[in-house]
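Note sheet for the following structure.
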Amino acid sequence: MIREKGYPCEPWRIREAGLDLDVLAQSESVFALSNGHIGLRGNLDEGEPHGLPGTYLNSFFELRPLPYAEAGYGYPEEGQTMVNVTNGKLIRLLVDDEPFDVRYGEVRSHERILDFRTGTLERTIEWVSPAGRAVRVRSTRLVSFTQRAVAAIRYEVEPLDGEQTRLVIQSGLVANEELPITKNDPRVAAVLREPLRSEQHLANGSGALLIHRTKQSGLRMAASMAHIIDDSQETTVTTEAFPDWARTTMACVRKPGERLTVVKFLAYGFSSQRSIPALRDQVGAALAAARLSGWDGLVKDQQEYLDEYWDGADVRVDGDPEVQQAVRFGLFNVLQAGARNEMRPIGAKGLTGPGYDGHVFWDTELFALPVLTYTKPQAAVQVLRWRHATLDLARERAATLGLKGAAFPWRTIRGQETSGYWPAGTAAFHIGAGIADATMRYVQATGDDDFEREIGVELLVETARLWRSLGHHDRHGDFHIDGVTGPDEYSAVANDNVYTNLMAQRNLLGAADAVARYPEVAHSLGVDEEEAASWRHAAASMTIPYDEELGVHQQSEGFTRYQEWDFDDTPPEEYPLLLTHPYFDLYRRQVCKQADLVLAMHWRGDAFTAEQKARNFHYYEARTVRDSSLSSGTQAVLAAETGHLELAHDYLGETALTDLHDSHSNTEDGLHLASLAGAWLAIVAGFGGMRDHDGELSFAPRLPSRISRMDFSLLWRGLRLRVSVRPDEVTYYLREGDHEDGSQLELLHHGERVTVKIGKPVTRPVPKMSPPDVEPTQPAGRAPIRRGAQGPGSPRSTFAR
Ligand code: BGC
Numbered sequence: 001m002i003r004e005k006g007y008p009c010e011p012w013r014i015r016e017a018g019l020d021l022d023v024l025a026q027s028e029s030v031f032a033l034s035n036g037h038i039g040l041r042g043n044l045d046e047g048e049p050h051g052l053p054g055t056y057l058n059s060f061f062e063l064r065p066l067p068y069a070e071a072g073y074g075y076p077e078e079g080q081t082m083v084n085v086t087n088g089k090l091i092r093l094l095v096d097d098e099p100f101d102v103r104y105g106e107v108r109s110h111e112r113i114l115d116f117r118t119g120t121l122e123r124t125i126e127w128v129s130p131a132g133r134a135v136r137v138r139s140t141r142l143v144s145f146t147q148r149a150v151a152a153i154r155y156e157v158e159p160l161d162g163e164q165t166r167l168v169i170q171s172g173l174v175a176n177e178e179l180p181i182t183k184n185d186p187r188v189a190a191v192l193r194e195p196l197r198s199e200q201h202l203a204n205g206s207g208a209l210l211i212h213r214t215k216q217s218g219l220r221m222a223a224s225m226a227h228i229i230d231d232s233q234e235t236t237v238t239t240e241a242f243p244d245w246a247r248t249t250m251a252c253v254r255k256p257g258e259r260l261t262v263v264k265f266l267a268y269g270f271s272s273q274r275s276i277p278a279l280r281d282q283v284g285a286a287l288a289a290a291r292l293s294g295w296d297g298l299v300k301d302q303q304e305y306l307d308e309y310w311d312g313a314d315v316r317v318d319g320d321p322e323v324q325q326a327v328r329f330g331l332f333n334v335l336q337a338g339a340r341n342e343m344r345p346i347g348a349k350g351l352t353g354p355g356y357d358g359h360v361f362w363d364t365e366l367f368a369l370p371v372l373t374y375t376k377p378q379a380a381v382q383v384l385r386w387r388h389a390t391l392d393l394a395r396e397r398a399a400t401l402g403l404k405g406a407a408f409p410w411r412t413i414r415g416q417e418t419s420g421y422w423p424a425g426t427a428a429f430h431i432g433a434g435i436a437d438a439t440m441r442y443v444q445a446t447g448d449d450d451f452e453r454e455i456g457v458e459l460l461v462e463t464a465r466l467w468r469s470l471g472h473h474d475r476h477g478d479f480h481i482d483g484v485t486g487p488d489e490y491s492a493v494a495n496d497n498v499y500t501n502l503m504a505q506r507n508l509l510g511a512a513d514a515v516a517r518y519p520e521v522a523h524s525l526g527v528d529e530e531e532a533a534s535w536r537h538a539a540a541s542m543t544i545p546y547d548e549e550l551g552v553h554q555q556s557e558g559f560t561r562y563q564e565w566d567f568d569d570t571p572p573e574e575y576p577l578l579l580t581h582p583y584f585d586l587y588r589r590q591v592c593k594q595a596d597l598v599l600a601m602h603w604r605g606d607a608f609t610a611e612q613k614a615r616n617f618h619y620y621e622a623r624t625v626r627d628s629s630l631s632s633g634t635q636a637v638l639a640a641e642t643g644h645l646e647l648a649h650d651y652l653g654e655t656a657l658t659d660l661h662d663s664h665s666n667t668e669d670g671l672h673l674a675s676l677a678g679a680w681l682a683i684v685a686g687f688g689g690m691r692d693h694d695g696e697l698s699f700a701p702r703l704p705s706r707i708s709r710m711d712f713s714l715l716w717r718g719l720r721l722r723v724s725v726r727p728d729e730v731t732y733y734l735r736e737g738d739h740e741d742g743s744q745l746e747l748l749h750h751g752e753r754v755t756v757k758i759g760k761p762v763t764r765p766v767p768k769m770s771p772p773d774v775e776p777t778q779p780a781g782r783a784p785i786r787r788g789a790q791g792p793g794s795p796r797s798t799f800a801r
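By full-length UniProt numbering, the letter at position 394 of the sequence shown is numbered 394, and the numbering carries on one by one without gaps.
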């Protein structure tokens, strides 16, 4: 069936008109619902056809062996894979004698709407069965933000012709669904066959319960369903349960104009410790609470939760409706990934698909957490608390590696290192500095001293200890961190990676400052003055490689001397290079998978002069291929800072539209959460010029030609700051927060100190700037799609796959 190309531009929702089965798996990721605890892919209610069935619980995983052809000391021996848990979305329908299935009969119309303000996925279909009977089906699905263990579906069928139609709805729970064979791409998950072992199944009149346990990781989960049937007319209801499936069947006869309406409540729970009866009661209680609210109550609570979120988080972009929609889609998904994580991580794909095995990477602290810290700090702190809860594992890992402090895993679900490729896993120690940075940012933005005392100081101390033991002072006293991998995964095991060293420097200083503020915590962690002084000394002597001849920083020692990559001779089908070239070749040339030195210029912008930023940006633009979706958001930030506003707009579009345009051709495996968060960063840190170095908020707003107005909001220590940017002026509004009247905020506007008081907007001009003389260039065929003056989509680069 034909559908409109892409999704129409609508500011608050994603609407799909028609149904294209060729891109079903991709749309299942786009229409995924989640609250950070439960994730439901946007599978069709009737279960088939499907791209990838998916129901996930944050941190519910199975262990699997990590076999090596040639093992080495310290290699992780076990992998962790997110499990596709019991599917409760399933609702099959029989219309007279025909199963409702879009592959048969005629689909007269099909529409799905994901609404960012109601937090629901709505589907409306008109279908004519092969025997000629027409029905309208309407389903609305939600994963509750306010009741963490609950999801619900309202399903309604109405015959459109004939005298009367027999309708049978079968609403199910299915465990151990068969999953399609995966592609040969390292970024795709390992498929687990039948990971769940049944422990209990129960059926009552109109609901059922299935309890399962994973075979290796020993996690126990319960899924339960209950139904409310609109019983104004006769409907028979039966329920059966078996070890791996349960089903409630509702049968009735309806005339045109009459409807059968069913509300399905779902509850999920899991635990590594709780008994079968305890879990059974847990989901039973969650169902009782959901029924108490009822469908209307859940919908109302969902909307109120989102009203509150958007009030503090919304971004307005006038002049580029496509980006406007995509940015809200991104913000909605960052919220979905983190809202109710409650001491659990945020995976690279959130809970939208199985990509990367459901693992969490540095993406969380560097991309998702900056957004959540300023829009939903309650969610950000839960992730940091989760990291803290894994500290013992990180200490063990450091000890295994012969290091002090804590070595956090490059990829994991539960906290153990599970990367089987050490040059891009173990050696990517920079993740520790990212965690420290997110900790400091959260404390500065919220003033949450209790968190800092209980959790923050220890995270800073243990990560600082790692740097101190990983690095060394040479005979001249300079501090080096050798043999590490920075963000750019086309370089590995390099010396003095600038990003790593600058982030480690901040980590070391942040830890030294924190122990000075909390001497009793320092004492309990065994930190003495000598140790804190050694951190300051290492930070002060940090080596930052610079190429005097070229006048640019070296991403890592010696990078600018490496052989250049022949981009002119690299055809588009060879991208991403990691699938067509050996790593040894990528590692020894000047080709960057993603922003690395450019990322350092964002988060450690205080360590570079404006001139250095401009020169470095040019140099690395020409060598960065953006084979990682994490790159374009950062490139947008630095393009804006160095005055290339149209290019920044192009990169904003690229990062925001990564999934809506499926530009990396793998949205089917789940959304790219870091690039969605990158869209917010491109706006706030890019066009807004927001920086928070050393706890001071500064802005330097400037708009590209096509955007006539941009508004964004930040939560800062309980205050709500809204920044409204127009081409020539910027207005800062401070709104009520948790603080009493009289509160004020000091910030920098293009370097000028400004005091903003509650209810008293301050407007300042945007200083004139002459555009830079030379435009940066990208590797051949890798320029982003233009969105600026020339308008969207022209010219298309080969990158737009
Ligand atoms: C990127 C990493 C990222 C990972 C998960 C890789 O392609 O190079 O930086 O952490 O994807 O998103």
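In this text, a Cβ means the ideal position worked out from N, Cα and C, and glycines have one as well.
Contact holds between the segment 402-413 and the segment 460-468, because three or more Cβ pairs, one in each stretch, are under 8 Å apart. When DSSP states are grouped into helix, strand and coil, Gly510 belongs to the helix group. Taking 8 Å as the upper bound for CB-CB distance, Val262 and Tyr104 are not in contact here, some 23 Å apart. With a threshold of 16 other beta carbon atoms within 10 Å, Gly132 falls short and is exposed.
With a cutoff of 7 Å, Ser628 counts as near ligand 1, since its C-beta is closer than that to a heavy atom of the ligand.
Per the C-alpha coordinates, the member of Leu645, Gly218, Val684 positioned closest to Met769 is Leu645. In this structure, the straight-line span from the alpha carbon of Val684 to that of Phe712 is close to 7 Å. Sorting Pro321, Trp362, Phe367 by C-alpha distance to the C-alpha of Leu335 places Phe367 at the top. Around the C-beta of Gly119, 16 or more other C-beta atoms lie within 10 Å, and the residue is accordingly described as buried.
Using a Cβ distance threshold of 8 Å, Leu660 and Val23 do not count as a contacting pair. Distance from the CA atom of His110 to the CA atom of Asp101, rounded to whole angstroms, is 12 Å. For Gly284, no beta strand (DSSP E) run applies; the uninterrupted alpha helix (DSSP H) run containing it begins and ends at 276-313, by DSSP. Taking a 10 Å sphere around the C-beta of Phe584, we find fewer than 16 other C-beta atoms and assign the residue as exposed. A contact between stretches requires three or more CB pairs, one per stretch, nearer than 8 Å, and the segment 621-641 meets this requirement with the segment 771-785.
With a cut-off of 7 Å, the C-beta of Ala595 is classified as distant from ligand 1, since no heavy atom of the ligand falls inside that distance. In the same chain as Arg397, and ignoring 5 residues on each side of it, the C-beta atoms closer than 6 Å to its own belong to Ala407, Glu417, in chain order. Within the chosen limit of 7 Å, ligand 1 reaches the beta carbon of Phe361 through at least one heavy atom.
Excluding five sequence positions before and after His750, the CB atoms of its chain that fall closer than 6 Å to its own CB belong to Ala700, Pro767, given in chain order. Within a 10 Å sphere around the beta-carbon of Ala648 sit 16 or more other beta-carbons, which makes this residue buried. For His523, the number of other beta carbons within 10 angstroms of its own is below 16, and it is reported as exposed. Collapsing the DSSP output to three states places Ile785 in coil. Measuring C-alpha to C-alpha distances from Arg475 to each of Glu489, Ser541, His430 identifies Ser541 as the nearest. By the neighbour-count definition (other C-beta atoms within 10 Å, threshold 16), Thr658 is a buried residue.
If you draw a 10 Å sphere on the C-beta of Tyr575, you find 16 or more other C-beta atoms in it, and that means buried. Of the other Cβ atoms in all chains shown, fewer than 16 fall within 10 Å of the Cβ of Ser232; this residue is therefore exposed. Secondary structure of His749 (DSSP, three-state): strand. Taking the Cα positions, Val723 is about 17 Å away from Ala679. In the DSSP annotation of this structure, the continuous segment of the alpha helix (DSSP H) that includes Val371 starts and ends at 369-375. Under the criterion of beta carbons closer than 8 Å, Leu33 and Val150 do not qualify as touching, at roughly 12 Å.
Set against 7 Å, the gap from the CB of Pro487 to the closest heavy atom of ligand 1 is smaller.
According to DSSP, Gln325 shares a beta bridge with no other residue. Looking from the CA of Lys593, the closest CA among Asp437, Leu372, His50, His581 belongs to His581. A check of alpha carbon separations from Leu745 across Ala445, Ala339, Lys215 identifies Ala445 as the nearest. Secondary structure of Leu160 (DSSP, three-state): coil. For Leu734, the enclosing beta strand (DSSP E) covers residues 729-735. At least one heavy atom of ligand 1 sits closer than 7 Å to the Cβ of Tyr356.
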